[in-house]
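Let me begin by presenting the structure, written as structure tokens, before commenting on it.
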Amino acid sequence: MFSTKNFNKSKPILFILILFPSLLWAYQFVIGNLGVNPIEKLMDELGLMALRLIIVTLMITTLSNIKAIKSIVILRRMIGLFAFYYVCLHFSTYIVLDHFLDMQFIIQDIIKRPFITFGFISFLFLIPLASTSTNKMIKKLGFKLWKKIHYLIYPVAILASLHFYVLVRADKTEPVIYMGIILLLLLHRIFKKLTRPLLAR
Amino acid sequence: MKILGSEITPYKTYLNRRKFIEGSFASALLATVSSSVLANHNTDPSTYNQFMNENDKVNSYEEITTYNNFYEFGTHKKHPHLNSGDFKPKPWSVKIDGLVKKPMTIDLEKILSKVTIEDRVYRLRCVEAWSMVIPWQGFQLSELIKMAEPLSSAKYIQFVTVFRPEEMPGQKKRTINWPYREGLRMDEAMNPLTILATGLYGHEMPNQNGAPMRLVVPWKYGFKSIKSIVEIRFLDQQPETSWETLAPWEYGFYANVNPTVNHPRWSQGTERRIGEFKRRETLMFNGYEKEVAHLYKDLDLTKFY
Chain A
1 MFSTKNFNKS KPILFILILF PSLLWAYQFV IGNLGVNPIE KLMDELGLMA LRLIIVTLMI
61 TTLSNIKAIK SIVILRRMIG LFAFYYVCLH FSTYIVLDHF LDMQFIIQDI IKRPFITFGF
121 ISFLFLIPLA STSTNKMIKK LGFKLWKKIH YLIYPVAILA SLHFYVLVRA DKTEPVIYMG
181 IILLLLLHRI FKKLTRPLLA R
Chain B
1001 MKILGSEITP YKTYLNRRKF IEGSFASALL ATVSSSVLAN HNTDPSTYNQ FMNENDKVNS
1061 YEEITTYNNF YEFGTHKKHP HLNSGDFKPK PWSVKIDGLV KKPMTIDLEK ILSKVTIEDR
1121 VYRLRCVEAW SMVIPWQGFQ LSELIKMAEP LSSAKYIQFV TVFRPEEMPG QKKRTINWPY
1181 REGLRMDEAM NPLTILATGL YGHEMPNQNG APMRLVVPWK YGFKSIKSIV EIRFLDQQPE
1241 TSWETLAPWE YGFYANVNPT VNHPRWSQGT ERRIGEFKRR ETLMFNGYEK EVAHLYKDLD
1301 LTKFY
């Protein structure tokens, strides 16, 4: 049985582990050790990390249904905020390094290219999630409303994986795996919702 | 920019050419060099930079050989460099068939003994909106076409890449319907800019760049420049090409570099030159407008992209 205490203890280690890649890539970028096309590489790594963290938060919710590791859910907020952190870095790399703040071009790019549209909407939906993450906000909004807002994680996950799927030119294996995981986790939730009233009867 | 001392006579023709080329706003470097250049194993960019216009600097040997799209060796840019070690480009022969007077299977050695190897420094623009400048060695495709004596009914040429899943691990996975195929219209194939390249930077063509012989069509997106060619077919109809078959809404048969025709995934208006921080404007026909625009004067380039 893993208690809340166990999971709380793991938080600082987890914090450093998840933060570390961003520091490493930033360092490698500065010293010119990110390959031949460093801006592309940086953007890809940051985006992939963000997508993986989003999926991890969904997994945590599912895992918390298992009694023995129920308290794992206390890790979800931190990982969710890290996902937002990586999305922000990914998006700023695109705006600042890739397109040098050429806003006219960027707006056109977001409108015209479906994969960028998906990614951008996914980013927008993450903002209310990140900004209502504190205990204070949960109290202020009430748990029911807060929970409703946080259902946005589903479109966020779907759009983010679609963003990756469309970007890949030929070998779609990796994005398909992510989409499959997201779909399974979603199905599990729907299944749970449908069966609950039956059990109550 | 360094100018080569005039006392080095063998390169004088280079310099004369350079003047002409800058005047016509094309930086294709057209000069015949002795085959010794091929054996020089030269990786010094300055050898080539002095013949380029101020805007273009050749990319380093490392950049050109570690960042490649060659899905036969894997879909990541570094895969061709990492996974092409087992590929055996020697011995090599090419099958020439279809609408020709002399269908044949010919050794590459034999082809090379009959053609003139030249240095060609070309811009390469990938459809993914990055670009490089590469010093190729090769010969004009037109020389090989003349050898094959095409029939007057031959209007198109199709090229086929070798299929060797044992040596090309990417081919074990069906990302593309192997073997990779590409094609050109006959007048595009005969254009003097179109070459079959057999070396770069004075090296024999590295495996990851399409050993031992690949096409280079500098005014088209990089995917047209098919690598490791084993078959050349002369046809009367527009041939099937790999990327067009995979995603016709994204990749056309012509695939001319064109900043005004949008691609659903990448803006084609700008590009990142590998090694540069800021993006640069993409030029019509990749800057080779003078040499090739006449080929398309009757073609609606927004339809035939």
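Line by line, the protein sequences are chains A and B.
Reading the first sequence from the start, the letters are residues 1 to 201 in our numbering.
Reading the second sequence from the start, the letters are residues 1001 to 1305 in our numbering.
We treat Cβ as the ideally placed atom computed from N, Cα and C, and that holds for glycine.
Partner residues on chain B for residue i, Cβ-Cβ distance less than 8 Å
| i | result |
| --- | --- |
| residue 100 of chain A | 1278, 1279 |
| residue 77 of chain A | Within chain B, no residue comes near residue 77 of chain A; the closest Cβ sits about 34 Å away, beyond 8 Å. |
Partners in chain A for residue i, counting only beta-carbon separations shorter than 8 Å
| i | result |
| --- | --- |
| residue 1246 of chain B | 170 |
| residue 1214 of chain B | In chain order: nothing, as chain A lies at least about 19 Å away. |
| residue 1161 of chain B | Chain A residues near residue 1161 of chain B: none, gap ~15 Å exceeds 8 Å. |
| residue 1167 of chain B | Chain A residues near residue 1167 of chain B: none, gap ~19 Å exceeds 8 Å. |
| residue 1067 of chain B | 35, 36, 37 |
Cβ-based neighbour list, residue i, same chain, cut-off 7 Å, excluding 5 preceding and 5 following
| i | result |
| --- | --- |
| residue 1237 of chain B | 1156 |
| residue 1275 of chain B | 1059, 1063 |
| residue 81 of chain A | 130, 133 |
| residue 154 of chain A | 186 |
| residue 1041 of chain B | At residue 1041 of chain B, the pLDDT of 46 sits below 50, so the modelled position is not reliable; the number obtained from the coordinates is stated separately. Answer for residue 1041 of chain B: 1202, 1203, listed in chain order. |
| residue 138 of chain A | 146 |
| residue 43 of chain A | 90, 93, 94, 98 |
| residue 1034 of chain B | Any reading at residue 1034 of chain B must be qualified, since the residue scores a pLDDT of 37, below 50, and its modelled position is unreliable; the value itself is stated next. Excluding positions up to five away in sequence, the list is empty. |
| residue 150 of chain A | 129 |
| residue 1299 of chain B | none |
| residue 1032 of chain B | The predicted model places residue 1032 of chain B with a pLDDT of 40, which falls under 50 and marks its position as unreliable; any figure quoted below should be read in that light. So the qualifying residues of the chain are 1116, 1118. |
| residue 1019 of chain B | Here residue 1019 of chain B scores only 32 on pLDDT, less than 50, and its place in the model should not be relied on; the value that follows carries that caveat. Contacts found: none. |
Expected contact under 8 Å - CB spacing of residue i and residue j to nearest Å
| i | j | result |
| --- | --- | --- |
| residue 1130 of chain B | residue 1272 of chain B | 5 Å |
| residue 28 of chain A | residue 19 of chain A | Between residue 19 of chain A and residue 28 of chain A the Cβ distance is about 15 Å, and since that is not below 8 Å, they are no contact. |
| residue 171 of chain A | residue 1066 of chain B | With 8 Å as the limit, residue 171 of chain A and residue 1066 of chain B do not qualify as a contact, their Cβ atoms being about 20 Å apart. |
| residue 1192 of chain B | residue 1288 of chain B | Contact flag wrong, Cβ pair sits at about 11 Å. |
| residue 1077 of chain B | residue 1083 of chain B | Wrong, their Cβ atoms sit about 12 Å apart, outside the cutoff. |
| residue 79 of chain A | residue 181 of chain A | About 15 Å; that fails the 8 Å criterion. |
| residue 1195 of chain B | residue 1140 of chain B | 6 Å |
| residue 1213 of chain B | residue 1229 of chain B | 6 Å |
| residue 1137 of chain B | residue 1200 of chain B | 7 Å |
| residue 1255 of chain B | residue 1221 of chain B | 5 Å |
Candidates the options: closest to residue i by CA position
| i | options | result |
| --- | --- | --- |
| residue 1090 of chain B | B:1255, B:1162, B:1057, B:1182 | B:1162 |
| residue 53 of chain A | A:37, A:17, A:32, A:31 | A:17 |
| residue 1167 of chain B | B:1208, B:1240, B:1260, B:1148 | B:1208 |
| residue 1151 of chain B | B:1121, B:1180, B:1204, B:1097 | B:1097 |
| residue 1160 of chain B | B:1086, B:1118, B:1093 | B:1093 |
| residue 1225 of chain B | B:1233, B:1263, B:1081, B:1181 | B:1181 |
| residue 121 of chain A | A:176, A:85, A:62, A:156 | A:156 |
| residue 95 of chain A | A:168, A:106, A:159, A:48 | A:106 |
| residue 1126 of chain B | B:1294, B:1265, B:1292 | B:1265 |
| residue 1171 of chain B | B:1084, B:1231, B:1278, B:1073 | B:1073 |
| residue 1123 of chain B | B:1295, B:1297, B:1284, B:1298 | B:1284 |
| residue 1247 of chain B | A:191, A:98, A:181, A:166 | A:166 |
| residue 113 of chain A | B:1298, B:1199, B:1263, B:1302 | B:1263 |
| residue 174 of chain A | A:161, A:184, A:183 | A:161 |
| residue 1116 of chain B | B:1220, B:1197, B:1153, B:1101 | B:1197 |
| residue 50 of chain A | A:164, A:194, A:176, A:5 | A:164 |
| residue 1242 of chain B | B:1133, B:1299, B:1183 | B:1183 |
| residue 1071 of chain B | B:1177, B:1153, B:1048, B:1044 | B:1177 |
| residue 57 of chain A | A:84, A:36, A:135 | A:84 |
| residue 1134 of chain B | B:1303, B:1045, B:1249, B:1297 | B:1045 |
| residue 118 of chain A | A:87, A:39, A:142 | A:87 |
Under 7 Å by beta carbon: chain A residues contacting residue i
| i | result |
| --- | --- |
| residue 1130 of chain B | 37 |
| residue 1173 of chain B | 171 |
| residue 1071 of chain B | 170 |
| residue 1365 of chain B | Here chain B has residues from 1001 to 1305 only, and residue 1365 of chain B is not among them. |
| residue 1176 of chain B | 170 |
| residue 1063 of chain B | 36 |
| residue 1075 of chain B | 170, 171 |
Closer than 9 Å at the beta carbon, the chain B residues around residue i
| i | result |
| --- | --- |
| residue 115 of chain A | 1264, 1265 |
Residues near residue i in its chain [Cβ-Cβ closer than 6 Å; skip 5 each side]
| i | result |
| --- | --- |
| residue 1305 of chain B | 1252, 1261 |
| residue 1179 of chain B | 1160, 1161, 1163 |
| residue 1186 of chain B | 1155 |
| residue 1079 of chain B | 1073 |
Within chain A, partners of residue i - CB distance below 9 Å
| i | result |
| --- | --- |
| residue 1106 of chain B | Near residue 1106 of chain B there are no residues of chain A at all, since even the closest Cβ is about 32 Å away, more than 9 Å. |
| residue 1274 of chain B | 36, 37 |
Proximal residues to residue i (C-beta, below 8 Å), its chain only, five neighbours per side dropped
| i | result |
| --- | --- |
| residue 1114 of chain B | 1143, 1147 |
| residue 75 of chain A | 7, 10, 11, 14, 60 |
| residue 140 of chain A | none |
Under 7 Å by beta carbon: chain B residues contacting residue i
| i | result |
| --- | --- |
| residue 112 of chain A | 1262 |
Complete runs of the beta strand (DSSP E) confined to the stretch 97 to 139 of chain A [at least 3 residues]: Here no run is fully enclosed.
Unbroken stretches of the alpha helix (DSSP H), 4 residues or longer, contained in the stretch 143 to 187 of chain A: Considered as a whole, the stretch 143 to 187 of chain A harbours 143 to 150, 153 to 167 as its complete alpha helix (DSSP H) runs of no fewer than 4 residues, in chain order.
Every unbroken beta strand (DSSP E) within the stretch 1178 to 1229 of chain B, with a cutoff of 3 residues, ordered by chain: Secondary structure remark: continuous beta strand (DSSP E) runs of at least 3 residues inside the stretch 1178 to 1229 of chain B, in chain order: 1181 to 1185, 1195 to 1200, 1214 to 1216.
Entirely enclosed alpha helix (DSSP H) segments - the stretch 22 to 76 of chain A, minimum 4 residues: If you keep only unbroken alpha helix (DSSP H) runs of at least 4 residues inside the stretch 22 to 76 of chain A, you get 38 to 63.
Runs of alpha helix (DSSP H) lying entirely within the stretch 1054 to 1094 of chain B, each at least 4 residues, in chain order: Qualifying alpha helix (DSSP H) stretches, in chain order: 1061 to 1066, 1079 to 1083.
Runs of alpha helix (DSSP H) lying entirely within the stretch 1242 to 1293 of chain B, each at least 4 residues, in chain order: If only uninterrupted alpha helix (DSSP H) runs of at least 4 residues are considered, those enclosed by the stretch 1242 to 1293 of chain B are 1242 to 1246, 1289 to 1292.
Every unbroken alpha helix (DSSP H) within the stretch 1122 to 1155 of chain B, with a cutoff of 4 residues, ordered by chain: Qualifying alpha helix (DSSP H) stretches, in chain order: 1141 to 1148.
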